[in-house]
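Novice:
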Amino acid sequence: MSYFTLSQIKSVSNVVNFRQKNLERKSLSGKTTVFLSHSHKDADIIEYAIEFLLSLNVLVYVDWLDPTMPQTTSGETAGKIKDRINQCEKFVVLLSENSKDSKWVPWELGFADGKKANKDIAILPIKRSIYTTDSEFNGLEYMQLYRRIKIGTLKSSGREVPSIFPPDGNDGLTVEDWLG
7 MSYFTLSQIK SVSNVVNFRQ KNLERKSLSG KTTVFLSHSH KDADIIEYAI
57 EFLLSLNVLV YVDWLDPTMP QTTSGETAGK IKDRINQCEK FVVLLSENSK
107 DSKWVPWELG FADGKKANKD IAILPIKRSI YTTDSEFNGL EYMQLYRRIK
157 IGTLKSSGRE VPSIFPPDGN DGLTVEDWLG
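If you read the sequence shown in our numbering, its first letter stands for residue 7, the second for the next number, and so on.
1) For R154 and D69, what's the separation of their Cα atoms in angstroms?
2) Could you check if R165 is buried or exposed, using at least 16 other CB atoms within 10 Å of its CB as the buried criterion?
3) Helix, strand or coil: how does DSSP classify A118 here?
4) Report buried or exposed for E82, applying the criterion of at least 16 other Cβ atoms within 10 angstroms of its Cβ.
5) Which two residues bound the contiguous alpha helix (DSSP H) that contains V64?
6) Using only the alpha-carbon positions, how far apart do H44 and L101 sit?
7) Compare the C-alpha of V111 against each of G36, T74 and F97 and name the closest.
8) Checking the sheet assignment: what are the DSSP bridge partners for E166?
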């Protein structure tokens, strides 16, 4: 699996006022909605992933930006997350070295897997360093079942752009096209 590096995700993102942009986009109808699952230990990179998705003109749902979420994690939290996953058209997992320690990331993915078509689920793998090895993701092999978002060269255009690739191939489409 190929991964974005932290510097690559920063290069395709612009974090300025991402919270405000997300709020503004909530008022736009007809936009694709994306549930963004992530480890809360990735607070330093989640903003870049949000901005990357916002730049593709979609609505992004992130639990800690939801003012209706309970202050303390509870069954109500899980219920609200299930509702949001059902409401969003696409489901993206920010996969990092921290994902394997999260209790919520695998649960959210498992729930989404049961509710959404495989084509509507994607992994956004990000390495903090070029020195991070793929073996640091051992224990998350089930992530290999899903499409992955990376910077890649598309056969159709020959251009290197943020693209989404099937788990078993290298012929993908732009992330923008996937989001519709």
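Glycine included, C-beta positions come from ideal geometry on N, C-alpha and C.
Note that the structure is predicted; figures quoted are calculated from it, not measured.
Specialist: This is what the structure gives:
1) So the two alpha carbons sit approximately 22 Å from each other.
2) exposed
3) helix
4) With fewer than 16 Cβ atoms within 10 Å of its Cβ, E82 is classed as exposed.
5) From DSSP, V64 is part of no alpha helix (DSSP H); its letter is neither H nor E.
6) In this model, H44 and L101 are separated by some 7 Å (Cα to Cα).
7) F97
8) T159
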